[in-house]
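Protein chains in written order, with my numbering: chain A, 603 to 794; chain B, 603 to 794.
Ideal Cβ positions, reconstructed from N, Cα and C, are used throughout, including at glycine.
Input: a single structure, listed below in C-alpha cells.
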DNA sequence: GAGTATACGGAACAATCGTTCCGCTTGCCA
DNA sequence: TGGCAAGCGGAACGATTGTTCCGTATACTC
C-alpha cells in the first residue's frame, strides 16, 4: 500500500524537500488557508512541480500534519517511562499546546469533520490516542491525576486549549498560568 | 453616529428582516465561510437587496454577531444579582459554551485578529468583559471561585472550550462532564 | 391616479482558488 | 555522448467568491 515504485530523479528529490520545507513554514504562518501558489513561490518551484509529488493540496497538508503528529507521538513514547509520571503528563500537555501555537497544525487539520473516514488520518489519530492514554493512565496510577478523568476529556481539553492558544497566540507566561488552572482541575486530590 | 436618516420603505424593511433571519440560520450552520449567495437564496432575495442594507459581508456578519453578543450580555446583566453567585457563574459559563455550539458565532467572528481596531467590535468586547468581570468578582467574593483567577484567564478558557465545543459538537452530557473538570480547577478551595 | 424616489433582482466583473496541460529542459543510462 | 524518460515552469481552465451596476418594478406622496 506504500510501495515505493521508482527512485526519484535527483532534482525531483531535491524539489520535494524544498516543497515540504516551504509548506511547513507557510502552513505554520497562514494555516490551511494558505494557497498552493504561496507555497510554490516560497519553495522557488512551479505549481506543476508540487502537483507532480502531491496529487492534491489535501495530500500535501496531510503530509505535513502527519509528520508533526509523528513528532509528538515519538516524544510521547520517549516519555512513557520517564521518572515522574505526574510531572511528565502535565509537561507534555503543555508542550502540545505550545507546539500548536508555534506551528498552526493539529487543530487546523487533524480533527476536520469534512471527510468522514480517512484511513491514514484515523490511523495517526488512534496512535495519538494510544500514547496519550498510556501517559494518562501512568499519571493516574501515580495518584497525580484524578481517576475519573478519561481519554475523551483529555483530548477535548487538549483541543480546546490548543485552539485557543493558536487563535489568540498565548505568550509562554500566559499559557502556563492558564493551563495551571486546568491542571488543577484534573489533578488528583485526597478525597477524590 | 447612529443617526437613522430615513424610514425604510415597507418592502425594504421586510426584506431586511428576512436577510437577517436567513443570515442567522446560515451562519449558525456554515460559519462565516457561508457565501452571500447562500444567504440571499435562503432569504429569497437577490444579492443586490442584501448589499443595499449591508455594505459588505463583514458588516452583515458583524450585525449577527453583535446581536448574539448582546443577548449574552443582557443575560449576564440579569444574573448580576442572582441568589447564588457561585452557581450563577458556572452555569453562565456553561451556557456560553452551549450557545457557541448551537450558533457558530462568538468564536468564528469575535476574536478575529484580521482588522486590528474595529470600533463597534471593541465596544461590545469591552462590554462583555465588563459583565463577565462582574459575575466573576461576585463569585469570588462568595468564595466560590479562586481569588487568583483573573478575567483574562476566564476569557481564555471560555474561548478555548467554546472553540472546541463548536468544532467537535459536544453533546450536552459531554459538555457538562468536561466543563466539570475545568470548573474544579477554578473553584475556591479551603487553603487556596 | 400620476410621478418619482426608492428598492429589487440577477447578470456581469474582477480576484482568487485548486488543478490540468503541454512545450521545453534536464538528469540518467547504454 | 546521444537518446529519451522524467521532471519542470507557468499559462490556462473552470469554479467560486465578494461586490458592482443597471434596467425594471414597486411603494409612497400629492
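Excluding the 5 residues flanking it on each side, residue 749 of chain A has same chain C-beta neighbours closer than 6 Å at 742, in chain order. Scanning its chain for C-beta atoms nearer than 7 Å, with the 5 sequence neighbours on each side dropped, one finds around residue 760 of chain A the residues 695 and 698, in chain order. Residue 691 of chain B: member of the alpha helix (DSSP H) spanning 687-704, first to last residue.
From the beta-carbon of residue 780 of chain B, the residues of chain A found nearer than 9 Å are 754, 755, 758, 759 and 762.
Take the alpha-carbon of residue 756 of chain A and the one of residue 610 of chain B: they are about 53 Å apart. Taking a contact to require three or more Cβ pairs closer than 8 Å, the stretch 645-662 of chain A and the stretch 727-747 of chain A do not qualify as touching.
Per DSSP, reduced to three states, the secondary structure at residue 747 of chain B is strand. Between residue 768 of chain A and residue 703 of chain A the beta-carbon gap is near 6 Å, inside 8 Å, which marks them as a contact. Residue pairing by DSSP places residue 631 of chain B opposite no residue, since no beta bridge is assigned to it.
Using a C-beta cut-off of 8 Å, the stretch 780-791 of chain A makes no contact with the stretch 627-645 of chain B, since fewer than three inter-stretch Cβ pairs fall below that distance. Under the three-pair Cβ rule at 8 Å, the stretch 677-692 of chain B does not count as touching the stretch 637-652 of chain B.
Beta-carbon to beta-carbon, residue 746 of chain A and residue 688 of chain A are separated by about 3 Å, close enough to satisfy the 8 Å threshold.
Taking C-alpha positions only, residue 683 of chain A is separated from residue 685 of chain B by approximately 50 Å.
Not one beta carbon of chain B lies nearer than 8 Å to the beta carbon of residue 646 of chain A.
Just so you know, the alpha carbons of residue 673 of chain B and residue 726 of chain B end up roughly 11 Å apart.
The beta carbon of residue 780 of chain A sits closer than 8 Å to the beta carbons of 763 and 772 from its chain, once the five residues preceding and following it are set aside; these are given in chain order. Taking 8 Å as the cut-off, the Cβ atoms of residue 629 of chain B and residue 652 of chain B do not count as close.
The closest CA to that of residue 751 of chain B, considering only B:785, B:616, B:766 and B:706, is found on B:785.
Residues of chain A whose Cβ lies closer than 7 Å to the Cβ of residue 751 of chain B are, in chain order, 783.
In the structure shown, residue 779 of chain A adopts helical secondary structure according to DSSP, grouped into three states. Between residue 758 of chain A and residue 770 of chain B, the C-beta gap is smaller than 8 Å, which places the two residues in contact.
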